[in-house]
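So the protein lines, in turn, are chains X and A. Just so you know, we're using UniProt numbering here: the first sequence kicks off at 1 and counts up by one. Just so you know, we're using UniProt numbering here: the second sequence kicks off at 1 and counts up by one. Quick reminder that beta carbons are idealized off the backbone N, C-alpha and C, glycines included.
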Amino acid sequence: MVKSTTKDAQDLFRSLRSAYVATPTNLKLIDMYVCFAVFTALIQVAYMALVGSFPFNSFLSGVLSCIGTAVLAVCLRIQVNKENKEFKDLAPERAFADFVLCNIVLHLIIINFLG
Amino acid sequence: MAALESPQPATATAMRHAFGNVLSVLILVLIGVLAFSIRLFSVIKYESVIHEFDPYFNYRVTQFLSKNGIYEFWNWFDDRTWYPLGRVIGGTVYPGLTLTAGTIWWVLNSLNIPLSVETVCVFTAPVFSAFASWATYLLTKEVKGSGAGLAAAALLAMVPSYISRSVAGSYDNEAVAIFALIFTFYLYIKTLNTGSLFYATLNALAYFYMVCSWGGYTFIINLIPMHVLLCIVTGRYSPRLYIAYAPLVVLGTLLAALVPVVGFNAVLTSEHFASFLVFIIIHVVALVYYIKGILTPKMFKVAVTLVVSIGMVVCLIVVAILVALVASSPTGGWSGRSLSLLDPTYASKYIPIIASVSEHQPPTWPSYFMDINVLAFLVPAGIIACFSPLSDSSSFVVLYIVMSVYFSGVMVRLMLVLAPAACIMSGIALSQAFDVFTGSIKYQLGGSSNSADDAEDTNNAPKDDAAAGKTDKGEETVKERSSKKGKKKEREPVEKPSIKSKIKKKALVLPLEASIVALLLLIMLGAFYVIHCVWAAAEAYSAPSIVLTSQSRDGLHVFDDFRESYAWLSHNTDVDDKVASWWDYGYQTTAMANRTVIVDNNTWNNTHIATVGTAMSSPEKAAWEIFNSLDVKYVLVVFGGLIGYPSDDINKFLWMVRIGGGVFPHIKEADYLRDGQYRIDSEATPTMLNCLMYKLSYYRFVETDGKGYDRVRRTEIGKKNFKLTHFEEVFTSHHWMVRIYKLKPARNRIRGKAKKLKSKTSSGWSSKSAKKNPWI
Chain X
1 MVKSTTKDAQ
11 DLFRSLRSAY
21 VATPTNLKLI
31 DMYVCFAVFT
41 ALIQVAYMAL
51 VGSFPFNSFL
61 SGVLSCIGTA
71 VLAVCLRIQV
81 NKENKEFKDL
91 APERAFADFV
101 LCNIVLHLII
111 INFLG
Chain A
1 MAALESPQPA
11 TATAMRHAFG
21 NVLSVLILVL
31 IGVLAFSIRL
41 FSVIKYESVI
51 HEFDPYFNYR
61 VTQFLSKNGI
71 YEFWNWFDDR
81 TWYPLGRVIG
91 GTVYPGLTLT
101 AGTIWWVLNS
111 LNIPLSVETV
121 CVFTAPVFSA
131 FASWATYLLT
141 KEVKGSGAGL
151 AAAALLAMVP
161 SYISRSVAGS
171 YDNEAVAIFA
181 LIFTFYLYIK
191 TLNTGSLFYA
201 TLNALAYFYM
211 VCSWGGYTFI
221 INLIPMHVLL
231 CIVTGRYSPR
241 LYIAYAPLVV
251 LGTLLAALVP
261 VVGFNAVLTS
271 EHFASFLVFI
281 IIHVVALVYY
291 IKGILTPKMF
301 KVAVTLVVSI
311 GMVVCLIVVA
321 ILVALVASSP
331 TGGWSGRSLS
341 LLDPTYASKY
351 IPIIASVSEH
361 QPPTWPSYFM
371 DINVLAFLVP
381 AGIIACFSPL
391 SDSSSFVVLY
401 IVMSVYFSGV
411 MVRLMLVLAP
421 AACIMSGIAL
431 SQAFDVFTGS
441 IKYQLGGSSN
451 SADDAEDTNN
461 APKDDAAAGK
471 TDKGEETVKE
481 RSSKKGKKKE
491 REPVEKPSIK
501 SKIKKKALVL
511 PLEASIVALL
521 LLIMLGAFYV
531 IHCVWAAAEA
541 YSAPSIVLTS
551 QSRDGLHVFD
561 DFRESYAWLS
571 HNTDVDDKVA
581 SWWDYGYQTT
591 AMANRTVIVD
601 NNTWNNTHIA
611 TVGTAMSSPE
621 KAAWEIFNSL
631 DVKYVLVVFG
641 GLIGYPSDDI
651 NKFLWMVRIG
661 GGVFPHIKEA
671 DYLRDGQYRI
681 DSEATPTMLN
691 CLMYKLSYYR
701 FVETDGKGYD
711 RVRRTEIGKK
721 NFKLTHFEEV
731 FTSHHWMVRI
741 YKLKPARNRI
751 RGKAKKLKSK
761 TSSGWSSKSA
771 KKNPWI
């Protein structure tokens, strides 16, 4: 039972990796950015767990800025992905412009809230 | 022939579209004018004055903002209320309304249009109600099309429930908050329909404006996650849903935390947890869909079994932590007001102040008919129309109306949130009904154009014989009817029509007379609605409640006692004198009389209010002690017994007893009731007849008619001739509605037992002199 489970797990990982390798480079770039942002957020949470949460607004704005850019990058990936039928008539430049605009708004809020 | 024909229909449809657009714009402008003008009844009947109680506070804050600028306003600590505690206005007020009106005033003044702050404040609400009807048009257009949008906008411009909180002069948070609510929902639906990140950004900004404006923003931040969850559960997950929801949560939480009133509550209180929970859920669902997309079905099954087994364990751990966190706070993390929404009996058991506000009571059935009138019938029809076909946006409005019906059933003040939902639903229902009826009429009357269409589609002719047979029958009955009426032109012989949609269209066709009669009835329904709305706006909701009127035999009688007494206060007392009254009148006293008050309508400190309540319920000596310890100079009571004004302090007195008794146990409600009944006549209890409120209300009342007949309680008063020992009357207004008393200063000579106490204490001028009782 366990052996079949581990074999299944290995099969799963292999198929996941092979499927992922096939994605285009620009999408992989966005994925790396998302992972970087989430990783930064995790570092901040670990730091807060060590040092305490004062000042709380700085902690909140730091973590939420990382999560925010990650979410916006995922939205960009959705809109730029050629396989998504719903967005086939959306120019990738427009998607990127929206992404930049939303990030500007996000970071204005962050800077205001950072204290 | 074909080449010549095709530009013609193209320009014809273009012309029709252009004409339709112009007509829509014209109708929208008229709707805006209607929304503005129907709210002007109070300005015409009375004057351009601010109504009620809360708007006076907002007006005072706006005056401060316009005089001192935004930095002073943001950091304002007000020491003229809640003496001696003060109130941090910058941190406890929702700034949206005051900033909006302040901006409008500043813009107009910089354009050299010299409107006063009061005028801008009075007319802010009607202007924003025009904006709200346009926002309703946009929202309903996204759900069902522009016809429904126009109907919904017209209905919202007039719905009495919204008029009641946004007449000219009702300068309260809801005036701009309802516009922000509808606009936020519109942008959410627009993002959901288009999947554009630009609209998602605008949605977050509109949500920010809503958070600035009203505490009811928690409705949005719980309704949208509920809708996302509903979409996920019904299998309607799509990337557009992710784009509509995820940025809103992150940006929205940050923006909500920016507003000082909300601050860290945006991440710490239970009102926001639903949004975080659904945020996690939507990420899980998005990941699942992504993996499903890149794996084969067999591997996906393997993945599912693996993940479910591991994920279950992790989930249980996380849930256990969350439950422990939430259970550790006594209210489970909810604030008192939200908890009283979820459990309607909570407030009456634990927080008498919330229970005592009349707006927080559940509504009665007639109030539904009064407030949304005909829409109450149209809403179920609209819900059915939303299901055919069901789209993301129509499921949202269905959820919106269900939730708002529940909450309006808990608290009558939330009927206001029901009004836009009811208008949207009714607009959809009306538009669908008009579509069907006018379509039937057009079809019945336009026989020749129909057969021209038939001529084009003969290729499928041989197939549907049975269908043709059915349609033949349908057309024959139609022909009979039209010939009966003696109307029409000859119908051309029936070609085999044979398009399925033709059959469907014919199935929707109603007979001609039925359609015409139904159209007329619908128009009459609309007429009744309009008549009711105008009546409600003119008669029921336009009273400024600071000026009262009554019709008598010799014409209109105006009672302007409130403003008379506030003016007396501001002219005849020192600037630093403190005035004590029940909390209802706090805002008006600080705004109009410009004097420091002890408690006001913000009711943030229950103990302070209980202190004032205890003082009003105690005998004169004890009350003097309490008021003296608070540095009070004047006491203000409102008395309606002479003219029959029912909202006076004697009618509110039992609430004073309850709230005071909640903090000071020596005040017991049963002491003031005779056999469970609240009376002030000769059968009243001695505690009642000796308490300060009774004495201050009825002092010298017997001089008015010799018998002391109280027109509100409809009896003669119990104790008629008495003197006041610790207070002196300084002002009674024209109709005895407001009575102001001054605290008599402590006596200089002390006789009797107190001499011994005095010799014991060290000095007479120490602060202990307040505790020493000079009245023995």
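{"Query": "Can you name the residues of chain A whose CB is closer than 9 Å to the CB of Val34(X)?", "Result": "Residues of chain A passing the Cβ test: none, with the nearest at roughly 11 Å."}
{"Query": "Can you pull the DSSP bridge partners for Gly145(A)?", "Result": "Bridge partners of Gly145(A): none, in fact."}
{"Query": "Which residues in the same chain have their Cβ closer than 8 Å to the Cβ of Leu223(A), if we skip the five residues on either side of it in sequence?", "Result": "Leu399, Tyr400, Met403"}
{"Query": "So, using beta-carbon positions, are Thr607(A) and Arg60(A) closer together than 9 Å?", "Result": "no"}
{"Query": "I'd like the ranges of any alpha helix (DSSP H) spanning at least 4 consecutive residues and lying wholly in the region 146-225 of chain A.", "Result": "146-158, 160-164, 174-194, 197-213"}
{"Query": "Kindly list the residues whose CB is nearer than 8 Å to the CB of Ile291(A), restricted to its own chain and excluding five residues on each side of it in sequence; keep chain order.", "Result": "Phe300, Ala303"}
{"Query": "Which partner residues does Gln588(A) have in the DSSP bridge list?", "Result": "Answer is none; Gln588(A) lacks a bridge partner."}
{"Query": "Near Ala97(X), which residues of its chain fall below 7 Å by C-beta distance, leaving aside the five closest residues on each side in sequence?", "Result": "none"}
{"Query": "Measuring CB to CB, does Gly586(A) end up less than 9 Å from Ile598(A)?", "Result": "yes"}
{"Query": "Are the C-beta of Gly68(X) and some C-beta of chain A separated by less than 9 Å?", "Result": "yes"}
{"Query": "Taking the continuous alpha helix (DSSP H) assigned at Glu72(A), which residues delimit it?", "Result": "70-74"}
{"Query": "Which residue from Val702(A), Thr100(A), Tyr83(A), Ile104(A) puts its Cα closest to that of Asp576(A)?", "Result": "Tyr83(A)"}
{"Query": "Grab me the residues of Asp79(A)'s own chain with a C-beta within less than 7 Å of its C-beta, minus the 5 sequence neighbours each way, in chain order.", "Result": "Gly86"}
{"Query": "Taking the continuous alpha helix (DSSP H) assigned at His272(A), which residues delimit it?", "Result": "Careful: His272(A) lies outside any alpha helix (DSSP H) and carries neither H nor E."}
{"Query": "Can you tell me where the beta strand (DSSP E) with Ile113(A) in it begins and where it stops?", "Result": "Note, Ile113(A): premise wrong, no beta strand (DSSP E); not H, not E."}
{"Query": "Can you find a C-beta in chain X that's less than 9 Å from the C-beta of residue 794(A)?", "Result": "The requested residue 794(A) is not part of the displayed model; chain A covers only 1 to 776."}
{"Query": "Which runs of the alpha helix (DSSP H) at least 4 residues long sit entirely within the region 530-562 of chain A? Give them in chain order.", "Result": "none"}
{"Query": "How would you list, in chain order, the residues of chain A whose beta-carbon sits under 8 Å from the beta-carbon of Ser61(X)?", "Result": "Leu254"}
{"Query": "By a C-beta neighbour count over all protein chains shown, 10 Å radius and 16 as the cutoff for buried, is Asn173(A) buried or exposed?", "Result": "buried"}
{"Query": "Which residues of chain A have a Cβ atom closer than 8 Å to the Cβ of Tyr20(X), listed in chain order?", "Result": "Ile294"}
{"Query": "Answer yes if the region 414-430 of chain A comes into contact with the region 367-376 of chain A, meaning at least three C-beta pairs across the two stretches below 8 Å, and no otherwise.", "Result": "yes"}
{"Query": "Within 10 angstroms of the Cβ of Asn572(A), are there 16 or more other Cβ atoms? Answer buried if so, exposed if not.", "Result": "exposed"}
{"Query": "At 8 Å on the CB atoms, spell out the chain A contacts of Ser15(X), in chain order.", "Result": "Leu295, Thr296, Met299"}
{"Query": "Measuring alpha carbon to alpha carbon, tell me which of Ile67(X), Ala46(X), Asn81(X) ends up nearest Tyr33(X).", "Result": "Ile67(X)"}
{"Query": "Helix, strand or coil, according to DSSP, for Glu728(A) in the structure here?", "Result": "strand"}
{"Query": "Buried or exposed: which applies to Met524(A), given that a residue is buried once 16 or more other Cβ atoms fall within 10 Å of its Cβ?", "Result": "exposed"}
{"Query": "Thr23(X) by DSSP, collapsed to three states: which one?", "Result": "coil"}
{"Query": "Between the region 154-162 of chain A and the region 183-193 of chain A, are three or more C-beta pairs nearer than 8 Å?", "Result": "no"}
{"Query": "Chain A beta carbons: is any one of them nearer than 9 Å to that of Val105(X)?", "Result": "yes"}
{"Query": "Check each candidate in Ala9(X), Val74(X), Phe99(X), Pro92(X) and name the one with the smallest Cα separation from Cys35(X).", "Result": "Val74(X)"}
{"Query": "How would you list, in chain order, the residues of chain A whose beta-carbon sits under 7 Å from the beta-carbon of Asn84(X)?", "Result": "Pro239"}
{"Query": "Once DSSP output is grouped into helix, strand and coil, what is the label at Ile73(X)?", "Result": "Residue identity check: residue 73(X) is Ala in the sequence provided, not Ile. DSSP places Ala73(X) in helix when its eight states are reduced to three."}
{"Query": "Looking at the secondary structure, which residues open and close the alpha helix (DSSP H) in which Ala376(A) lies?", "Result": "375-386"}
{"Query": "Taking Pro247(A) as the reference, which of Thr201(A), Ile740(A), Val261(A), Leu65(A) has the closest Cα?", "Result": "Thr201(A)"}
{"Query": "Do Met616(A) and Trp583(A) come within 9 Å of each other at the CB atom, strictly closer than that value?", "Result": "no"}
{"Query": "List the endpoints of the continuous alpha helix (DSSP H) containing Ile428(A).", "Result": "415-445"}
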